[in-house]
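Peer 1:
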Amino acid sequence: SVKPEIHHVFHAEPKRVARPIALLFVAIIFLTVLSLIVTWLNSCAAT
Amino acid sequence: TDFQEAFNISKKAYFAQVNNNPRLKLIDTFCFFLVLLGIIQFAFIVLIRDNFPFNAFLSGFIICVGQFVLLMSLRLQLGNSFPCISKGRPFGEFVVASLILHFICLHFIN
Amino acid sequence: KTLVLYDQSAEILEDYSFFLKDLEERDYKLEYLDVNSTSTAVDLYDKEERLYDNIIILPTKGGKNLARQAPVKQLIKFFEGEGNILCVTSPGSVPNTIRLFLNELGIYPSPKGHVVRDYFSSSPDEIIVSSDHLLNKHVYDSKKREQFVFGDSSAALLENREQIVPILNAPRTSFTESKGKGNSWTSGSQGFLVTGFQNLNNARLAWIGSSDFLKNKNQDANKDFAKELLKWTFNEKSVVKSVQATHSHADGTSYDEVPYKIKDKVVYSIGFSEWNGEKWVPHIADDIQFELRQVDPYYRLTLVPGESDSETQYYTTGEFILPDRHGVFTFLTDYRKGGLSFTNDKDVRAIRHLANDEYPRSWEISNSWVYISTICGVIAAWVFFVVSFATTSS
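Protein chains in written order, with our numbering: chain X, 1 to 47; chain P, 1001 to 1110; chain H, 2001 to 2394.
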C-alpha cells in the first residue's frame, strides 16, 4: 500500500545579525584603532 | 598597607621606565588596545548570543591574542641584548612572525 | 512452450480440452506427458536453459510418478528460473510433491480427503462461489455478478507473505470437512480455493483446489474467470515494466555534466507500461512512490503523472531539494502491487558536499564584518607600529 510520504527536514540556517548592529561594532573598532594611532602620536611614542 | 605601598612603587617604576623609552610606550599601548579589541569582540558575541561564523570569530580573536604574544616577545628582548643574538634580530623575527600570523588569520576567515 | 503433466488414471485429459484448446489458439505450444508413461524424469532444462516457459500440473493419483517426473527441487529451480506453474489438485489427489512445493511458498492446501462443504449454500453437494469472493482485480475483475462452480474442492491456508496473491476465498459459511476426523483444516473465509504466488523474478504460480473448475462441464460458469486466471499465471496480463528512469538537475543539466551537490534542485521521472495481451499500453496508477535512500529514506514521494505516449505513462516527482547531507544515495522506485509484476529501478549516485568556495564568503555574512574589521584594524595598526618602531630610538 502507499506508504506515508517523507520530506527531508533541513537544518535551520544560522541567524545573521542585523546590518545596523554589525555596522555599529565596525564603527567602534574603527574608532578604537584610530584612537590607538592618536595616542601613539600624542604620547610621542611615534612621530 | 604593604600591598598598597608595593603596588604604588611598582606603578611608579613602570611609568618611569616606559616614559623614558618610546619603543616600550609603542608596544604597551598597542597591547592595551589589542585587549580592548578583544573585549569589543566578546561584547558583540554576548550581545547576539552566537559565535557564527565560528572561523571568523576565531580569526578575530587569534589575531589579537597572537599579536599580543609577539609584542610581548619583542618587549622581553628590548632590554639587555642576549649574548650571541644581534640587536636587530628580535625585531626581524617579530616582523616575520607577524606577517605569518596575518596571513593565517586572513585565510582562515575565508 | 508449455508442459502439461497429467495422470490419465486420475482425470481424463479430454475433460480439460476447452481450456487447453484455448491456450493453443493463443499460440501456446503444448506438450503433453502422462506421468505414468515413462520411467525417466522429464527434462525441464537443457544444461542451464529452461526448455519450457510454463508447466501445468493436473491432478495425479499417487505421488511417486509425479515425484519422479517433477521432484520438488526441480519445480523450485524451474520457478526460480522464471518459469510459470499452474497446479490443479482435488480432495482426492494432493500429491506430496505438489503439497511440499506449495508449502515452500507459504500455501498449505488441505490434506487428502478434506473437502470444502457449505451446508448453507443452495447446492450442498458442490461448492459454488460468487464473484464477490474475488480478491484481486489484477487477476480477474468481474464486471457482473457470477457464480463459479468448484464441485469438490480443497481449501488452503496461507502464510502472511507479501508475494502470495490470494485470488478467491471460500464462502463464510464453509469449512473443510474430513470423514472420520473432527477438526477442520479451514473454516469460513480463512480458506482459499484459488491462490497465486509471484516471485521476485515475476514468475507466477496459481493453485486451484478443485479439478472440476477447469473441466469442460463447468466452462459456462467458469470460462471467463478461468481464462483470465490462466492469462495472469502465464504472464499474459497484469505485466508492468518501468522504462526510462531518469533524474537531472531542475534546469535539465544531467548528473554526468554537473554532479549533484547538497541542496541542489533535482527532478526524477520514470515511465510505466502495461501489457494488455497484445501490446504495451500506458500503465495508470496513483500509488507509485520514489525514494531517495542512504540506508533510510530521506525522501519518499508519490509520483504524479506527467507526459505520456502511446505505450508509456511517465511519472515525475516534480522538483525537490537534495538533502543537506553528502554521501552515496540511491534513487529508487520499487513498485510492488499484489497481482502486478514487480519493478525495481535503482540508480546509485554520489552527492558531494559544498566546495570551499561554495559557502557564502565571509564578507557576505553580516556577523563576520566585526571580525574582518578587527583583522584589518590590527594589520593597519601593525604597519604603523613597524614604521614607528623602526624610526624611533629607544
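Virtual Cβ for every residue (Gly too), placed ideally from N, Cα, C. Note that the coordinates shown come from a computational prediction; the quantities given were computed from them, not determined experimentally.
If we count the other Cβ atoms within 10 Å of its Cβ and call it buried at 16 or more, is His2353 of chain H buried or exposed?
Peer 2: Against the third sequence, residue 2353 of chain H aligns to sequence position 353. So His2353 of chain H counts as exposed.
Peer 1: Output, in sequence order along the chain, the residues in the region 1067 to 1084 of chain P whose CB is closer than 7 Å to any CB in chain X.
Peer 2: none
Peer 1: Are the C-beta atoms of Tyr2298 of chain H and some chain X residue less than 8 Å apart?
Peer 2: Translated into positions along the third sequence, residue 2298 of chain H becomes position 298. Cβ-Cβ to chain X under 8 Å: yes for Tyr2298 of chain H.
Peer 1: Quick one: residues in its chain with C-beta nearer than 6 Å to the C-beta of Gly1038 of chain P, no 5 flanking neighbours on either side, listed in chain order?
Peer 2: As a working mapping, residue 1038 of chain P is identified with position 38 in the second sequence. Closer than 6 Å at the Cβ level, and outside the excluded window around Gly1038 of chain P, lie Cys1064.
Peer 1: What would DSSP say about Gly2327 of chain H, mapped onto helix, strand or coil?
Peer 2: What you label residue 2327 of chain H is simply residue 327 of the third sequence in a count that begins at 1. It is a strand residue.
Peer 1: Can you give me the Cβ contacts of Phe2018 of chain H inside the same chain, cut-off strictly under 6 Å, excluding the 5 residues immediately before and after it?
Peer 2: As a working note, residue 2018 of chain H is residue 18 in the third sequence. So the list reads Asn2216 and Gln2219, once near-sequence residues are dropped.
Peer 1: If you draw a straight line from the alpha carbon of Asp2264 of chain H to that of His2249 of chain H, how long is it in whole angstroms?
Peer 2: Along the third sequence, read from residue 1 onward, the residue named residue 2264 of chain H stands at position 264. Along the third sequence, read from residue 1 onward, the residue named residue 2249 of chain H stands at position 249. Roughly 7 Å separates the two Cα atoms.
Peer 1: Ordered along the chain, which non-local residues of its own chain (more than five positions away) have a Cβ less than 7 Å from that of Ile2284 of chain H?
Peer 2: For the purposes of this step, residue 2284 of chain H is taken as the residue at position 284 of the third sequence. Around Ile2284 of chain H: Gln2313.
Peer 1: Within its chain, find whatever has a CB closer than 7 Å to the CB of Thr2060 of chain H; leave out the 5 residues flanking it on each side and keep chain order.
Peer 2: Taking the first residue of the third sequence as 1, we reach residue 2060 of chain H at position 60. Cβ within range, chain order: Asp2007, Ala2010, Val2035, Leu2066, Ser2093 and Pro2095.
Peer 1: For His66 of chain X, list the residues DSSP reports as bridge partners.
Peer 2: Coverage of chain X is limited to positions 1 through 47, which leaves residue 66 of chain X absent and any answer about it impossible.
Peer 1: In or out: Ile1100 of chain P buried (at least 16 other Cβ within 10 Å) or exposed?
Peer 2: The sequence position of residue 1100 of chain P within the second sequence is 100, counting from 1. Flag for Ile1100 of chain P reads exposed.
Peer 1: Would you mind giving the Cβ-Cβ distance between Thr2343 of chain H and Ser2242 of chain H, rounded to the nearest angstrom? I have them listed as a contact below 8 Å.
Peer 2: On the third sequence, residue 2343 of chain H is found 343 positions in, with the first residue counted as 1. On the third sequence, residue 2242 of chain H is found 242 positions in, with the first residue counted as 1. About 4 Å separates the two Cβ atoms, so the contact holds.
Peer 1: So which residues of chain H does Gln1041 of chain P contact, with C-beta pairs closer than 8 Å?
Peer 2: What you label residue 1041 of chain P is simply residue 41 of the second sequence in a count that begins at 1. Val2370, Tyr2371 and Thr2374, listed in chain order.
Peer 1: Using beta-carbon positions only, say whether Pro1053 of chain P and Ser2362 of chain H come within less than 8 Å of one another.
Peer 2: Mapped onto the second sequence, residue 1053 of chain P falls at position 53. Mapped onto the third sequence, residue 2362 of chain H falls at position 362. Cβ distance < 8 Å, so Pro1053 of chain P and Ser2362 of chain H count as in contact.
Peer 1: So that I know if they touch, is there some Cβ in chain B lying closer than 8 Å to that of Val1046 of chain P?
Peer 2: You won't find chain B in this structure, because its protein chains are X, P and H.
Peer 1: Measuring alpha carbon to alpha carbon, tell me which residue in H:Asp2324, H:Asn2367, H:Phe2290 and H:Glu2364 is nearest Asp2334 of chain H.
Peer 2: Numbered from its first residue, the third sequence carries residue 2334 of chain H at position 334. When each option's Cα is compared against that of Asp2334 of chain H, the closest is H:Phe2290.
Peer 1: Nearest by alpha-carbon distance to Arg2349 of chain H: which of H:Phe2213, H:Val2194 and H:His2326 is it?
Peer 2: The residue labelled residue 2349 of chain H in the question sits at position 349 within the third sequence. When each option's Cα is compared against that of Arg2349 of chain H, the closest is H:His2326.
Peer 1: Please state if the CB of Asp2287 of chain H and the CB of Asp2212 of chain H are separated by a distance shorter than 8 Å.
Peer 2: Along the third sequence, one-based indexing puts residue 2212 of chain H at 212. Along the third sequence, one-based indexing puts residue 2287 of chain H at 287. Not a contact, by the Cβ cut-off of 8 Å.
Peer 1: Please list, in chain order, all residues of the same chain as Gly2188 of chain H whose beta carbon is under 6 Å from its beta carbon, the five residues on each side excluded.
Peer 2: Numbered from 1 along the third sequence, position 188 holds the residue referred to as residue 2188 of chain H. Excluding residues within five positions, the ones whose Cβ falls inside 6 Å are Arg2172.
Peer 1: Decide if Cys2087 of chain H is buried, meaning its Cβ has at least 16 other Cβ atoms within 10 Å, or exposed.
Peer 2: Taking the third sequence and counting its residues from 1, the one referred to as residue 2087 of chain H is at position 87. Buried is the call here.
Peer 1: Inspect the beta-carbon positions of Phe1115 of chain P and Phe2389 of chain H and report whether they are closer than 8 Å.
Peer 2: Summary: the structure shown does not reach residue 1115 of chain P, with chain P confined to residues 1001 through 1110, and so no result is reported for it.
Peer 1: What does the alpha-carbon distance come out to for the pair Val1069 of chain P and Val1095 of chain P?
Peer 2: By 1-based counting over the second sequence, the position of residue 1069 of chain P is 69. By 1-based counting over the second sequence, the position of residue 1095 of chain P is 95. Straight-line Cα distance between these residues: approximately 13 Å.
Peer 1: So for Ser1098 of chain P, helix, strand or coil by DSSP?
Peer 2: In the second sequence, the residue the question calls residue 1098 of chain P occupies position 98. It is helical.
Peer 1: Would a C-beta distance cut-off of 8 Å place Asp2324 of chain H and Phe30 of chain X closer than the cut-off?
Peer 2: Counting from one through the third sequence, the residue named residue 2324 of chain H turns up at place 324. Counting from one through the first sequence, the residue named residue 30 of chain X turns up at place 30. For Asp2324 of chain H and Phe30 of chain X, no; Cβs fall outside 8 Å.
Peer 1: Given a limit of 7 Å on CB to CB distance, which residues of the region 2287 to 2319 of chain H reach chain X?
Peer 2: Here the close residues are Asp2287, Gln2289, Pro2297, Tyr2298, Tyr2299, Arg2300, Leu2301 and Thr2302.
Peer 1: Could you check the C-alpha separation between Asp2132 of chain H and Lys2047 of chain H for me, to the nearest Å?
Peer 2: Along the third sequence, read from residue 1 onward, the residue named residue 2132 of chain H stands at position 132. Along the third sequence, read from residue 1 onward, the residue named residue 2047 of chain H stands at position 47. In a straight line, the C-alpha of Asp2132 of chain H is about 46 Å away from that of Lys2047 of chain H.
Peer 1: Pop quiz: Ala2221 of chain H and Phe2148 of chain H are said to be a contact at Cβ under 8 Å. What is the actual Cβ separation, rounded to whole angstroms?
Peer 2: On the third sequence, position 221 is the one that residue 2221 of chain H refers to. On the third sequence, position 148 is the one that residue 2148 of chain H refers to. Correct: roughly 6 Å between the Cβ atoms.
Peer 1: From Phe2234 of chain H to Gln2198 of chain H, what distance separates their C-alpha atoms?
Peer 2: Looking up residue 2234 of chain H in the third sequence gives position 234. Looking up residue 2198 of chain H in the third sequence gives position 198. Whole-angstrom Cα-Cα distance: 11 Å.
Peer 1: Tell whether a beta-carbon distance below 8 Å holds between Tyr2108 of chain H and Glu2228 of chain H.
Peer 2: Residue 2108 of chain H sits at position 108 when you count from the first residue of the third sequence. Residue 2228 of chain H sits at position 228 when you count from the first residue of the third sequence. Result no, Cβ atoms of Tyr2108 of chain H and Glu2228 of chain H do not sit closer than 8 Å.
Peer 1: Taking all protein chains shown into account, do 16 or more other C-beta atoms lie within 10 angstroms of the C-beta of Gly2191 of chain H, making it buried, or fewer, making it exposed?
Peer 2: Position 191 of the third sequence, counted from the first residue, corresponds to residue 2191 of chain H. So Gly2191 of chain H ends up on the buried side.
Peer 1: Quick check: the Cα distance between Phe1007 of chain P and Ala1016 of chain P, rounded to an integer number of angstroms?
Peer 2: Stepping through the second sequence from its first residue, residue 1007 of chain P is reached at position 7. Stepping through the second sequence from its first residue, residue 1016 of chain P is reached at position 16. Near 14 Å, if we compare the C-alpha coordinates of Ala1016 of chain P and Phe1007 of chain P.
Peer 1: On the DSSP letters alone, give me the boundaries of the alpha helix (DSSP H) that Val2258 of chain H sits inside.
Peer 2: The sequence position of residue 2258 of chain H within the third sequence is 258, counting from 1. DSSP places Val2258 of chain H outside any alpha helix (DSSP H), giving it a letter other than H or E.
Peer 1: Which one or two residues does DSSP pair with Ser2130 of chain H in a beta bridge?
Peer 2: Counting from 1 along the third sequence, the entry for residue 2130 of chain H is found at position 130. BP columns for Ser2130 of chain H point to H:Gln2147.
Peer 1: Within the continuous alpha helix (DSSP H) that includes Pro2360 of chain H, where are the two ends?
Peer 2: Stepping through the third sequence from its first residue, residue 2360 of chain H is reached at position 360. Pro2360 of chain H -> no alpha helix (DSSP H), and no H or E assigned at all.
Peer 1: When you compare the region 1041 to 1051 of chain P with the region 2366 to 2373 of chain H, are there three or more beta-carbon pairs, one atom per stretch, that lie closer than 8 Å?
Peer 2: yes
Peer 1: Give a yes or no on whether the minimum CB-CB distance between Ser2388 of chain H and chain P is below 8 Å.
Peer 2: By one-based count along the third sequence, residue 2388 of chain H stands at place 388. Ser2388 of chain H counts as touching chain P.
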